[in-house]
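The sequence shown begins at 61 in the numbering used here and counts up by one. Notes for the one structure printed next.
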Amino acid sequence: MASIKSDFHTTLAIREWIHYALPFNLFILGMKRSHHCNQLRKDNAGSPATLIGWIDSLRDHGGVFFLDLRDREGKTQVVLDPENQTLSELFPKLKPESVIEVEGEVRNRDEGTENSNLATGDIELFASSIIVHNQSKTPPFPMDDTADKVGEDLRLTYRYLDLRRESNLNTLKLRHRASMAIREYFDKQDFLEIETPMLFKSTPEGAREFLVPSRLNEGKFYALPQSPQQYKQMLMVAGIERYYQLARCFRDEDLRADRQPEFTQVDLEMSFIDREDMYALIEGLLSTVWKETLGEEITTPFLRMPYNEAMNRFGSDKPDMRFDMEIQDFSEDFRESDFKVFAGTVQSGGSVKAFNAKGLADITQGELKHLEETAKSLGAKGLAFIKSEGGEWKSPILKFLSDAEQETLKTKLEVGDGDIVFFAAGSWDSSCNILGRVRLEAATLLEKRGQSLRDHKDWKFLWVIDFPLMHFEEEEGRYVASHHPFTAPVEEDLPLLESEPKKVRGQHYDIVLNGVELGGGSIRIHQPDVQKKIFEDVLNIPADVVKSRFGYMLESFEYGAPPHGGIALGLDRLVTILAGKESIRDVIAFPKTQKGQDLMTDSPGTATERQLRDLKVKSIAEDA
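See below:
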C-alpha cells in the first residue's frame with residue numbers, strides 16, 4: 061500500500077511540474093471539449109460550448125471572420141467576435157489543418173444562412189477565445205474528395221492526412237461497426253474468441269510465406285501464418301467446440317486490388333456440424349452485419365450452386381449474377397462441323413462454348429483487340445466472334461459454319477440485331493475460364509455505353525459448393541489440393557480416391573457476393589487414417605515430409621478428434637463491398653502498395669549488420 065501511495069504522489073509531482081514548467085499552449089492539463097463538432101443543435105442555443113479539432117476552412121466576409129472546425133464526428137461553423145481584438149489579430153495567422161480549441165456561445169444562424177448539408181447547419185459557435193495547440197504546414201493535397209484525383213502514392217505517403225478526410229474516416233467507422241456486429245453475433249452463438257500464435261512453422265504447401273529467422277535457434281525460421289488453420293483444428297481437438305477470431309494473416313504473394321501481404325479474416329471453426337449448419341450460421345452473420353452497418357435486410361437462405369454449374373453458366377467459381385450473358389455449351393452441335401477448329405476440339409475431348417453480349421455489336425477494333433488479348437492471356441489462340449448488324453451476320457468464321465449451325469446459335473443464344481457472340485474452344489476448364497473473363501469485360505464495355513448491369517446494392521449472395529477435392533498440377537506431375545489438404549471428401553465419392561481422384565468432390569464451400577469470393581471453408585478430415593491417405597497416397601507427399609510438417613496433427617487426431625468444419629471470411633473484402641469501394645486498400649488504415657511497400661514509413665527497410673549477425677543471417681541482395 062505504501063508503494064501505491066508513493067507512486068500516486070510522484071505522479072502528482074510530475075503533473076505539477078509540467079503545469080508550471082511547460083508553456084501552457086504546448087501542454088494543456090485537463091483539456092476537455094464539451095461537445096463533438098457534430099453535436100450542437102438549436103436546443104443548445106444560448107449555452108456555452110468548447111470544441112477542439114482541426115481547422116477545415118477559413119473565410120473573411122468583409123471583416124467578419126468564419127472558420128469551420130472539424131473533428132472525427134463532423135463540422136461546426138465558428139464565427140469570431142468582431143469586437144474581440146485578440147481574435148481579429150489571430151485570424152490571419154491561422155492555417156487550415158491546425159489544431160485549435162474554441163470556447164464560445166452557441167447561437168442560431170441568421171435566417172437564410174443555414175447550411176442544410178451540415179448536421180450542425182442551423183447553429184454556429186460565437187467564439188470568445190481560441191487556443192492554438194498546433195499550427196499546421198500546408199498539406200500536400202486537398203483534404204476533401206478532390207484528393208481522389210491525386211496520385212495514390214502521394215496519399216499513402218501522407219496516409220495520416222488522407223485518413224482525416226471524411227470519406228476515409230467514414231470507411232474506418234463502417235469497418236468498426238462491422239467488426240463489432242461480428243463479435244456480438246458470435247458471442248450470442250456461444251463462440252469463444254481465442255488468439256492463435258503469429259509465429260508458426262513453415263508449411264510450404266500453400267501460398268508463399270513470410271519467414272522470420274529465430275535468434276535463439278540458429279539456422280531455423282518461423283513463418284507468419286497464412287491462416288490459423290491448423291491451430292483452430294487443434295482447438296477443436298482440445299474441446300473448445302466453437303472458436304472465432306478476427307485473425308491477422310500474411311501471404312508473400314503478388315498483389316492486386318483484393319490482396320495485401322497482411323490482411324484480416326473472420327476465422328471460425330465448429331465441432332459436431334455439417335455443411336447445412338455452416339450455411340445457416342454464415343447467412344445469419346451476414347444478415348446481421350448488413351442490418352447493423354447499412355440498415356438493410358438481405359434475403360436468406362442463399363442460393364446454392366455446384367462448382368460445375370457455376371463454371372458452365374458463368375465461367376467462374378465466383379460468378380457475378382447481377383447480369384445475364386450466360387455461357388452455353390455447343391460441343392455436340394459442332395462435333396461434326398466443317399469448322400475444323402471447333403470439331404477437332406470436341407473430338408479430342410474439349411469443349412466449344414459461347415455467349416451473347418447483347419447490344420455490343422458496335423464494339424470498336426480497339427475494344428475487340430483488348431478482349432482478344434484477355435483471352436490470349438488465359439491460353440486462347442484467339443477470340444472467335446459473330447456480329448449481328450443490320451440484319452446480317454458478320455464474322456471471319458462465318459464461311460465455315462453451316463446454315464443449321466448458324467440457326468442453332470441464333471435460337472439457343474437468342475441473337476438479335478446489335479448483338480455479338482463470343483466463342484472459346486479448348487479444354488473444359490480453359491474454355492470456361494476464357495469466356496468467364498470475356499463476359500466480365502463485355503459487361504464493362506456495355507456499362508460504358510450506358511447500360512446498367514451491375515448495381516452495387518443488388519446483393520446476389522450464393523454458396524458455391526461441390527468443388528473438386530483436388531486437381532492435377534502438370535508442372536509438379538501430381539495432384540494438389542484445390543482448397544487445402546484438410547478438406548474432407550464427399551462421403552459417397554470416397555471409393556474414387558484411388559481410381560479417379562479427379563472426380564472426387566470436397567466438402568468445400570465458398571460464399572460469393574456479386575462476383576467476389578467473401579470467404580471459403582470446408583468440413584475437415586478428422587480421421588487420422590483418411591488424412592494420412594490423402595497426404596501420402598493421393599497428394600504424393602513423402603511420409604517423412606508429412607511427419608515433419610503435420611505429424612502433430614495426425615497424432616492429435618488419434619486422441620478423440622471430433623467431426624468439425626470451419627470457414628474464413630475476408631474482413632477487408634467484406635468492408636470493401638459494404639463501403640462501395642474498389643480496392644481493399646481503401647478500407648485498411650495503413651495499406652501497402654502493389655509492391656508491398658509502406659510509403660509512409662518507408663518499409664520494408666534494410667537491417668543493420670549487427671541485426672543480421674545476431675540472427676546468423678547474411679544478405680545476398682548486393683551479390684544478386
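All residues carry an ideal CB built from backbone N, CA and C; glycine is no exception.
Can you grab the Cα-Cα spacing for the pair F246 / E255, in whole Å? 15 angstroms
What number of angstroms, rounded off, separates the C-alpha of L89 from the C-alpha of R132? At L89 the pLDDT is 45, less than 50, meaning the model places this residue with poor confidence; the figure from the coordinates comes in the next sentence. The straight-line gap from Cα to Cα measures roughly 21 angstroms.
What is the C-beta distance between L614 and K592, in whole angstroms, given that I count them as a contact (C-beta under 8 angstroms)? 6 angstroms
For Y80, does the three-state DSSP call read helix, strand or coil? No answer about Y80 holds up, because its pLDDT of 43 lies below 50 and its placement is not dependable.
Exposure of N574, with buried meaning 16 or more beta-carbon neighbours within 10 Å: buried
Measuring CB to CB, does I358 end up less than 8 angstroms from S347? yes
Tell me, to the nearest whole angstrom, how far the beta carbon of V124 is from that of A187; I am working on the premise that it is less than 8 angstroms. 12 angstroms between Cβ atoms; not a contact.
For Q511 and A639, I'd like the C-alpha separation in whole angstroms. 23 angstroms
Indicate whether the contact test is met: 3 or more Cβ pairs, each with one atom in the stretch 284-291 and one in the stretch 360-371, closer than 8 angstroms. no
So the candidates are G625, K378, T661, L631; which of them puts its Cα closest to the Cα of Y303? G625
At which residues does the alpha helix (DSSP H) containing D489 begin and terminate? 488-508
Rounded separation between D632 and L229 - CA only: 15 angstroms
Whole-angstrom Cβ separation of L634 and Y539, contact assumed at under 8 angstroms? Between Y539 and L634 the Cβ distance is about 32 angstroms, and since that is not below 8 angstroms, they are no contact.
Inter-residue CB distance, E577 and K378 (contact presumed, cutoff 8 angstroms): 4 angstroms
E244: first and last residue of the uninterrupted alpha helix (DSSP H) it sits in: 226-248
Quick one: complete alpha helix (DSSP H) runs, 4+ long, within the stretch 551-583? 556-559
Apart from the five residues just before and just after S376, which ones in its own chain have a Cβ nearer than 6 angstroms to its Cβ? G496
Among residues of its own chain, excluding the 5 on either side of N194, which ones have a beta-carbon nearer than 7 angstroms to its beta-carbon? S158, V159
Thinking C-beta only, is L443 closer than 8 angstroms to V406? no
Nearest-angstrom Cα distance between E669 and D204? 44 angstroms
Quick one: what's got a C-beta closer than 6 angstroms to D327's C-beta in the same chain, skipping five residues either side? P288, Q305, A307, A628
Express the C-alpha separation of P664 and D658 in angstroms, rounding to a whole number. 7 angstroms
Measure how close the beta-carbons of R514 and F383 come, nearest whole angstrom, since I'm counting them as under 8 angstroms. 6 angstroms
Taking the CB atoms as reference points, tell me whether E386 and R373 lie closer together than 8 angstroms. yes
Based on Cα-Cα distance, which residue from Q320, S189, F281 lies nearest to I648? Q320
Per DSSP, what kind of secondary structure is S347 in: helix, strand or coil? helix
Name the one or two DSSP bridge partners that A417 has. I480
Buried or exposed for L82, please, with buried defined as at least 16 other CB atoms from any protein chain shown within 10 angstroms of its CB. At L82, the pLDDT of 43 sits below 50, so the modelled position is not reliable; the number obtained from the coordinates is stated separately. Exposed, by the Cβ-count rule.
Give the DSSP bridge partners of E533, in chain order. R538
Segment limits, alpha helix (DSSP H) that includes E596: Note, E596: premise wrong, no alpha helix (DSSP H); not H, not E.
For N277, does the count of other Cβ atoms within 10 angstroms reach 16, so buried, or fall short, so exposed? exposed
P549 and L529 look like a contact to me (Cβ under 8 angstroms); what is the Cβ gap, rounded to whole Å? 5 angstroms
Counting along the chain, where does the alpha helix (DSSP H) carrying L178 start and finish? Per DSSP, L178 belongs to no alpha helix (DSSP H) and is neither H nor E.
Could you check what DSSP says for Y303 in three-state terms: helix, strand or coil? strand
Could you name the residues of the same chain whose beta carbon sits closer than 8 angstroms to that of P142, not counting the 5 residues immediately before and after it, in chain order? G123, V124, F125, S148
Quick one: what does DSSP say L469 is sitting in, helix, strand or coil? helix
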